[in-house]
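K.L.:
All residue numbers for the sequence shown refer to this note's numbering, where the first residue is 634 and numbers rise by one. Every residue gets a Cβ at the ideal spot worked out from N, C-alpha and C, and that includes glycine. Note that the structure is predicted; figures quoted are calculated from it, not measured.
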Amino acid sequence: MPTNYENLKNWILNSGLIISDNQDPNYGAVYSFFDETKKRYSFLYPEITGYYTSAYSFLYKIENNEKYLTFANASSNWLIKLFDKYGGIIQGIDNSNTSRRTLAYSFDTAICAKGLLDCYLTTNNSNLLEYAKKFVNWLLQSVETDGTLMPFMDLKTKKFNQSEQVWYKSKGCLHIKTAIPILQLYEITKDENYLEKAKLICDNYSRFQNIDGSFSIHENSKIVNLHTQSYALEGLLFAYNFVKKKDYLESCEKALDWCVSKIQNDGSIPLWFNFKDKSKAVYPIAQIIRLMILMDKIQNSQKYKSSIEQLKKFMFSLQATNPDTRINGGFYEDFYKSVFGWKKRLKLNSWGSLFALQALFWHENYANIDFKKSVMELY
């Protein structure tokens, strides 16, 4: 594997982003990012810990390195303790901001359920399966009769709700991705209820997809966010592997073709459209690379291969080179527009780096990627 990949993998293992001291009460938890300027880690992020659990399980399958399995188990156990303590998956643990602990999120719970299921499939630990069921059954409480999801539960009232306060507190296209652990649990248990709920969620894609192929962040909104659109496409491609609905595939292809039309000269695609913020972020670019590879494999073509190369070139422009092990090999969050032009945000982003890891591995093994196997490992 190339140096970029090896440096990234080493950063994921050794940057300190995951708490690796087994005497620490938060052993296995993962920080949101490392701030290079302030030389400190941010809050502990359960959703990203879920992604880490899946990523470590993915790496273990490739290399059979027990260290990955140790961390995957530690992260799973931390998520379970968190769920038991708060009655749901909260946004984060931050000693200076207790407000992160008042709400439990549907999307975050889905990502953590996927982490537990990936670890279960690697270890065959029945406790992980039982808690994954608890996570998914909690998640299903948020599903409305029309297949939309209420974004969060107020842990004081135990009631689900939504808010226009911030984009992730409203029903949106991102929630299509929550079908992934539901379908994974269906595959394990053969419980048809899970399959039907997942289809109900995925069928909502038409609420959000625009005529040009893009996905609005919320229904009846003109705003497009590349990250949440990618979440929707991940859910649809994963579901296609189970239900083979042609319209899911057509929807994904139409959205990816829109992405191709938006690639800029530097290989980037803006994070936001029809919105005031101007950013070119690493995480949706890594997501789109994965999606394009999977789509090529479904269609047995190389339709997106040149676009993948363009996107990869931009992605590498955000990879850190620095002798500090907390930094070297990780991916900076984005370039953002300031009054002085485009500037790099000096925060090593956890989820962007995890998406990039899988994107790079699949890219290097493009000729041998099998859709059915790889889509099940998508996190």
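Could you check what DSSP says for asparagine 853 in three-state terms: helix, strand or coil?
P.N.:
DSSP places asparagine 853 in coil when its eight states are reduced to three.
K.L.:
Please return the same chain residues whose Cβ sits closer than 7 Å to the Cβ of leucine 990, not counting the five positions on each side in sequence.
P.N.:
Only Leu641, Lys642, Ile645, Ala688 meet the Cβ criterion.
K.L.:
Can you tell me which of the three DSSP states leucine 1011 falls into?
P.N.:
Leucine 1011: coil per DSSP, three-state reduction.
K.L.:
CB glutamine 862 to CB proline 784, shorter than 9 Å?
P.N.:
Cβ distance not < 9 Å, so glutamine 862 and proline 784 don't count as in contact.
K.L.:
In three-state DSSP terms, what is glycine 974?
P.N.:
Reduced to three states, the DSSP call for glycine 974 is strand.
K.L.:
Using only CA atoms, which one of Cys885, Ser986, Thr636 lies nearest to leucine 924?
P.N.:
Answer by Cα proximity: Cys885.
K.L.:
So, under 8 Å CB-CB, valine 1008 and phenylalanine 871 are touching, yes? Tell me the CB distance rounded to an integer number of Å.
P.N.:
So it is a contact: roughly 6 Å between Cβ atoms.
K.L.:
Roughly how many whole angstroms lie between the Cα atoms of tyrosine 881 and glycine 780?
P.N.:
If I take the Cα positions, the gap works out to 15 Å.
K.L.:
Shortest alpha-carbon distance to lysine 913 belongs to which of Leu736, Phe949, Leu904?
P.N.:
Considering only alpha carbons, the answer is Leu904.
K.L.:
Who are the Cβ neighbours of glutamine 724 in its own chain at under 6 Å, not counting the five residues just before and after it?
P.N.:
Hits under 6 Å: Arg733.
K.L.:
Give me the Cβ distance between leucine 761 and leucine 749, rounded to the nearest whole Å; I'm assuming they're in contact under 8 Å.
P.N.:
Rounded, the Cβ-Cβ distance is 5 Å, consistent with contact.
K.L.:
With distance defined between alpha-carbon atoms, name the residue in Lys980, Gln656, Leu866 nearest to lysine 672.
P.N.:
Comparing Cα positions, the closest option is Lys980.
K.L.:
Pairing CB atoms from the segment 841-857 with CB atoms from the segment 812-832, are three or more of them under 8 Å?
P.N.:
Short answer: they don't touch.
K.L.:
Using C-beta distances below 8 Å, list every residue in its chain close to tyrosine 801, excluding the 5 sequence neighbours before and after it, in chain order.
P.N.:
Hits under 8 Å: Tyr738, Phe740, Pro784, Leu807.
K.L.:
Please specify which runs of the alpha helix (DSSP H), each continuous and at least 4 residues long, are wholly inside the segment 937-986, giving them in chain order.
P.N.:
You should have 938-949.
K.L.:
Only counting runs of 4 or more residues, tell me where the alpha helix (DSSP H) segments fall wholly within the segment 701-756, in order along the chain.
P.N.:
Runs of the alpha helix (DSSP H) inside the segment 701-756: 739-756.
K.L.:
From the DSSP output, read off the bridge partner residues of tryptophan 905.
P.N.:
Answer is Asn858, bridged to tryptophan 905.
K.L.:
Please classify glycine 805 as buried or exposed, where buried requires at least 16 neighbouring CB atoms within 10 angstroms.
P.N.:
Buried: at least 16 other Cβ atoms inside 10 Å.
K.L.:
Can you name, in chain order, every residue of its own chain whose Cβ lies under 6 Å from the Cβ of leucine 866, other than the five neighbours on each side?
P.N.:
So the list reads Cys885, Ala888, Leu924, once near-sequence residues are dropped.
K.L.:
What does a CB cutoff of less than 6 Å around lysine 895 pick up in its chain, not counting 5 residues either side in sequence?
P.N.:
Within the same chain, lysine 895 has close Cβ partners Ile902.
K.L.:
Are the CB atoms of alanine 919 and glycine 985 nearer to each other than 9 Å?
P.N.:
Yes. Within cutoff.
K.L.:
Label glycine 963 either buried or exposed according to how many other C-beta atoms from any shown protein chain fall within 10 Å of its C-beta, with 16 as the threshold for buried.
P.N.:
Buried is the call here.
K.L.:
On the three-state DSSP scale, how would you describe valine 799?
P.N.:
In this structure, valine 799 counts as coil in the three-state DSSP scheme.
K.L.:
Measure the beta-carbon distance from glutamine 659 to tryptophan 711 and round it to whole angstroms, keeping in mind my assumption that it falls under 8 Å.
P.N.:
Checking the displayed sequence, the identity of residue 659 turns out to be asparagine instead of glutamine. Right, the Cβ-Cβ distance comes to about 6 Å (below 8 Å), so this counts as a contact.
K.L.:
So the beta strand (DSSP E) aspartate 1003 belongs to, where does it begin and stop?
P.N.:
Taken as a continuous stretch (DSSP letters only), aspartate 1003 belongs to no beta strand (DSSP E), as it is neither H nor E.
K.L.:
So, using beta-carbon positions, are phenylalanine 994 and isoleucine 744 closer together than 9 Å?
P.N.:
Cβ atoms of phenylalanine 994 and isoleucine 744: not closer than 9 Å.
K.L.:
Measure how close the beta-carbons of glycine 661 and phenylalanine 704 come, nearest whole angstrom, since I'm counting them as under 8 Å.
P.N.:
That belief holds up - the Cβ atoms of glycine 661 and phenylalanine 704 are roughly 7 Å apart, short of 8 Å.
K.L.:
How many angstroms separate the CA atom of glutamine 798 from the CA atom of alanine 765?
P.N.:
Cα-Cα distance, rounded: 30 Å.
K.L.:
Going by the CB atoms, is the gap between serine 729 and valine 663 shorter than 9 Å?
P.N.:
Result no, Cβ atoms of valine 663 and serine 729 do not sit closer than 9 Å.
K.L.:
Quick one: what's tyrosine 674 bridged to in DSSP?
P.N.:
Answer is Phe667.
K.L.:
Considering only DSSP beta bridges, list what leucine 782 is partnered with.
P.N.:
Its beta-bridge partners are Val776.
K.L.:
Determine whether the beta carbon atoms of tyrosine 684 and leucine 987 lie at a separation below 9 Å.
P.N.:
Yes, Cβ-Cβ distance for tyrosine 684 and leucine 987 is below 9 Å.
K.L.:
Could you pull the start and end residues of the beta strand (DSSP E) that serine 884 belongs to?
P.N.:
Per DSSP, serine 884 belongs to no beta strand (DSSP E); it is in the alpha helix (DSSP H), 879-894.
K.L.:
Just curious, the beta strand (DSSP E) that serine 912 is in, first and last residue?
P.N.:
Taken as a continuous stretch (DSSP letters only), the beta strand (DSSP E) holding serine 912 covers 912-914.
K.L.:
Would you give the residue range spanned by the beta strand (DSSP E) that phenylalanine 841 belongs to?
P.N.:
Segment 838-841 is the alpha helix (DSSP H) holding phenylalanine 841; no beta strand (DSSP E) there.
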